[in-house]
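Taken in sequence, the protein lines are chains H and R.
Here the first sequence stands for residues 0 to 229, where the numbers follow numbering that gives the first Met the number 0.
Here the second sequence stands for residues 0 to 519, where the numbers follow numbering that gives the first Met the number 0.
All C-beta atoms, glycine included, are put in the ideal place defined by N, C-alpha and C.
No experiment lies behind these values; they were computed from the predicted model shown.
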Amino acid sequence: MAHLAHYREAHPLAYVITHWINLISIVVLSFTGFVIHFPFLPGIMGICRGTHMFFAIVLVGNMLFRVLSSPFIKSAPAMGTREQVRDIFSFLPQKDNRHQLIPWIKYYLFFKKEHPLSGKYGVPQKLAYLLVPCLIVFIAFTGLCLWVPTGNWFLFAWVTDLVGGIHTIRLIHYLTMWGFLIFTALHIYLSIANGLAPLRMIFFWKEHGGKVYDVKIRNIVGDDPLDDHA
Amino acid sequence: MLTKRSSSIPGSTRSDCVETNTIITTTCSSGCVGQSENVDRLEGMLAERGVTRRKFLELCAAVAVSLGLSELFVPTIQEAIAESIIGKAEGRLAPVIWLELASCTGCTESFAQAGNPDAATVVLELISLNYSETLSAGAGFSLEEAKEQTIAKGGHIVVFEGAIMEGWDGNALRIANEKNTEIVKHAIHNAKAIVCAGSCAVDGGWQAAKPNPAGATGVQRFLQKALAAGEIDSIPPLINVPTCPSNPEHLVAVLIDVLLLDTLPELDRHNKPSLLFGQFVHDNCPRRGHFENGEFVYKFGSEEEKLGYCLYPLGCKGPQTKNNCPIVRWNRRVSWCVEAGAPCIGCSVSNPKNTTHNWVDSNAPFLKRFRTVRIFGYTFSPVTLAAATGGLVLAALGVHGIGWKITGRFDGGAPFETERAWDLKNPSKAASRTMLQVAAKTDRALSAQLIKEDSLDSYFEGVVHAAAKTKAASLTKVDEVIEAAAADKAAKAAAAAADAAAAAPATSAAEASEKVEGGE
Ligand code: HEM
């Protein structure tokens, strides 16, 4: 049993909410996407198409807020601390993670016994999270190539021609969905693999005790059982 | 000279007609509209070939619709056709040469409809087809000579049917003992316009489908390459009229536009007339209501098929295909694919600019929702591929999870490392401050730097130092290290002082202070 304490400072309320919105949008978009791909539930085709575009806009807006607010909203740069920096620093290279990519890979592949020290997100995790906005931009772009009101705009039409037509764009949009699904599978697995306690934080904003990390020393410095904390 | 539709609408053409032909106002058989001598003469010619006046008027109306004109223009079109055909008799009409390249002759067949001639066929035949392998009565040298004369004179219109074959240096297709590539470059010389009839002429069609050993390609791309290579000096206005085969209604509309009304239809970015290829088949489909209701056909021969439901699950490409089939329809406006119960196969998606996927490659298999993808020469269904990859990832995670469980990592992972592996090897460049402090024991520059950082109390931008908030954070570890370092330092300093006292004075102290400054 060795995990870091989880404080609310790691996930400010705004980002707990954006996480919920991401979750709901991606679930709804994938489900409606599957129905559009093949109407296995025929009666709801029309509803699914409308809902798909609605949540597409929600997902993109949410992503824009998440990215653009990160230089302004503060969050802890590591687990187990209440110190906060501007959130964007948790997505840029951090000293806490320096030279830790290979140890992380070794750890996941059972070649290393000890849990690597890291910032709030470990190296592979940070790379995966940085990929998400890219995936959203990409799937939104291909989606707008398909959407009749925007499909004829120069940029979308140009890219549609480039890849070989609307049919191919649909194929790419569909395959990108699988990118989301695979990301989500890994994401869920890894968050469970590190104990269920962190999930209470990101979903219900509930803290729990554990080891304390000092962001100045960049190492674990003690324990916080958090008994006296709500 | 061809003009764009916007600058030369039929109104002006009409006045041309008035100038060149005296319109004699007579009362027509229905007793309402005055019509010219030319129209009367044409109607006589058509009647001889079994086409009634009513059918001719229907054609003119269809042309007006295809050209996006109101029915008010029917007399103008009637006049223009009549004038041109009569004009042809008097040698005034731009001649057409119809070149068949790698084709199945389906496009010719599609509007020749020899058994039962209709107005469109007859008008097209009458126009001035100076050369057509299939339709021309003549053959052999005399016909080739007629073609040569037409080209030499210039101002003609070239209709291409079929793909160009560039394979084996153009020898993949030879006609009349000449390479097809040379024939094409020659035929367009001084032409007034080029019409690519049918998808093969647009993007290479069936012949260009993978693996395409004969190097089939569309006319536009071929000519653009030839132009870039300096093999031709210019490309005449080029109109792509895809579909497989080409729709006679489309062809008549375009030919009448170019040939008779002397205008170039408004073209989209693929050089297709936007009026004909501007909207999705899906947008105007008579089964669209069933799509919206969620009423689909999943199997041929099913109850749903009898009810005329939407063919989307059977791979209908209507939502991705731009064409006005549901409006113009086929076989003299009798019906068309989807109306007849066959899913759209997307035969008009041919993109003259795309070099990798022609319409066949991007739509086959026709009865599946998605086309296949090719990886290293193997063909896959993308859906199977995606699901298999997803399944593989899940399986890998399952196996990994067993390992994770066995190593007891599930609850919070393994115990943390005491220091980062890299830091242990490179303490003086470590991320961990503990390691740095250890290293500083033997590195004066580093220790000076650490002291400076401490005094500034900012380890990186934007930090809000709130150590007080960190409950129960024990800092003993650091204190220990610092104490040890201090003791070590003191011992070293004492030793150094002893050394210095023994050896020559002062120099080492000066050096040391320089080093500290340099380190900053
Ligand atoms: C974020 C912006 C997005 C936009 C603008 C967008 C837009 C669209 C549009 C316009 C369609 C075609 C619908 C139709 O033909 O009626 C579509 C289909 C689809 N979308 Fe999205 N979408 C987006 C995100 C997503 C996401 C995040 C997923 C899944 C994770 C997804 C999965 C799908 C699937 C599977 C289809 C069906 C493709 C097919 O098989 O034909 N989309 N989307």
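Asked                                                                                                                                                                                       : Found
Flag His399(R) as yes when its Cβ comes closer than 6 Å to any non-hydrogen atom of the ligand HEM, and as no otherwise.                                                                    : no
Around the C-beta of Ser117(H), are 16 or more other C-beta atoms found within 10 angstroms, so that it is buried, or is it exposed?                                                        : buried
Say whether the segment 246-255 of chain R touches the segment 182-198 of chain R, bearing in mind that this needs 3 or more beta-carbon pairs closer than 8 Å, one atom from each stretch. : yes
Would Lys210(H) and Gly79(H) be called neighbours here (beta carbons separated by less than 7 Å)?                                                                                           : yes
Lys42(R) and Arg53(R) look like a contact to me (Cβ under 8 Å); what is the Cβ gap, rounded to whole Å?                                                                                     : Checking the sequence, you will find Glu at residue 42(R) rather than Lys. Going by Cβ atoms, the distance from Glu42(R) to Arg53(R) rounds to 10 Å, so no, they are not a contact pair.
Hey, is Trp152(H)'s beta-carbon within less than 7 Å of any beta-carbon in chain R?                                                                                                         : no
Would you check if there are 3 or more beta carbon pairs closer than 8 Å linking the segment 51-60 of chain H to the segment 82-102 of chain H?                                             : no
Along chain R, in chain order, which residues have C-beta atoms closer than 7 Å to that of Arg97(H)?                                                                                        : Ala430
Taking Cβ-Cβ distances below 7 Å as the criterion, which residues of the segment 106-129 of chain H are in contact with chain R?                                                            : Phe109, Lys112, Glu113, His114, Pro115, Leu116
Where Cys16(R) and Ala192(R) are concerned, what is the direct C-alpha to C-alpha distance, given to the nearest angstrom?                                                                  : Residue confidence for Cys16(R) is low, a pLDDT of 35 falling below 50, so the modelled location carries little weight and cannot support an answer.
From the DSSP output, read off the bridge partner residues of Met164(R).                                                                                                                    : Ala215(R)
Answer with yes or no whether the minimum CB distance from Asp86(H) to chain R is below 7 Å.                                                                                                : no
Pick out whichever of Ser349(R), Lys316(R), Gly376(R) has its Cα sitting closest to the Cα of Cys336(R).                                                                                    : Lys316(R)
So is the beta-carbon of His166(H) under 6 Å away from any non-hydrogen atom of the ligand HEM?                                                                                             : no
Report the residue from Val131(H), Phe33(H), Pro41(H) whose alpha carbon sits nearest the alpha carbon of Leu22(H).                                                                         : Val131(H)
Which residues share a DSSP beta bridge with Glu99(R)?                                                                                                                                      : Glu160(R)
Would you report the Cα separation of Thr433(R) and Thr149(H), rounded to the nearest angstrom?                                                                                             : 56 Å
Grab the span of the alpha helix (DSSP H) containing Cys133(H) for me, first residue to last.                                                                                               : 122-145
For a test of the three-state rule: what should DSSP assign to Glu291(R), helix, strand or coil?                                                                                            : helix
Which residues in the same chain have their Cβ closer than 7 Å to the Cβ of Pro235(R), if we skip the five residues on either side of it in sequence?                                       : Ile187, Ala190, Lys191, Ala192, Ile193
By the three-class DSSP mapping on this structure, what secondary structure does His114(H) have?                                                                                            : strand
Please look up how many angstroms separate the CB atoms of Ser131(R) and Trp97(R), rounded, as I've assumed it's under 8 Å.                                                                 : 4 Å
Could you confirm whether any beta carbon from chain R is found closer than 7 Å to the beta carbon of Phe71(H)?                                                                             : no
Does the beta-carbon of Ala139(H), which I'm using as the reference point, lie nearer than 6 Å to any heavy atom of the ligand HEM?                                                         : yes
When we look at the beta-carbon of Gln522(R) and count the other beta-carbons within 10 Å, is it buried (16 or more) or exposed?                                                            : This structure does not reach residue 522(R), given that chain R is present from 0 up to 519, and the question cannot be answered.
How many angstroms separate the CA atom of Gly411(R) from the CA atom of Trp403(R)?                                                                                                         : 11 Å
For Phe221(R), which of Gly407(R), Ala93(R), Thr441(R), Pro351(R) has the nearest alpha-carbon?                                                                                             : Pro351(R)
Are the C-beta atoms of Pro285(R) and some chain H residue less than 7 Å apart?                                                                                                             : no
Measuring only the C-alpha atoms, how far is Gly397(R) from Pro197(H)?                                                                                                                      : 21 Å
Mapping the DSSP letters down to three states, classify Ala190(R) as helix, strand or coil.                                                                                                 : coil
Entirely within the segment 33-76 of chain R and at least 4 residues each: give me those alpha helix (DSSP H) ranges in chain order.                                                        : 36-47, 52-65
What residues in the segment 174-185 of chain R bring their beta carbon closer than 9 Å to a beta carbon of chain H?                                                                        : none
Chain H beta carbons: is any one of them nearer than 7 Å to that of Arg220(R)?                                                                                                              : no
Residues of chain R with CB under 7 Å from Ile216(H), in chain order?                                                                                                                       : Ser431, Arg432, Thr433, Val477
I'd like to know whether the C-beta of Trp177(H) is nearer than 7 Å to at least one C-beta of chain R.                                                                                      : yes
Please confirm whether any heavy atom of the ligand HEM lies closer than 6 Å to the CB of Leu145(H).                                                                                        : yes
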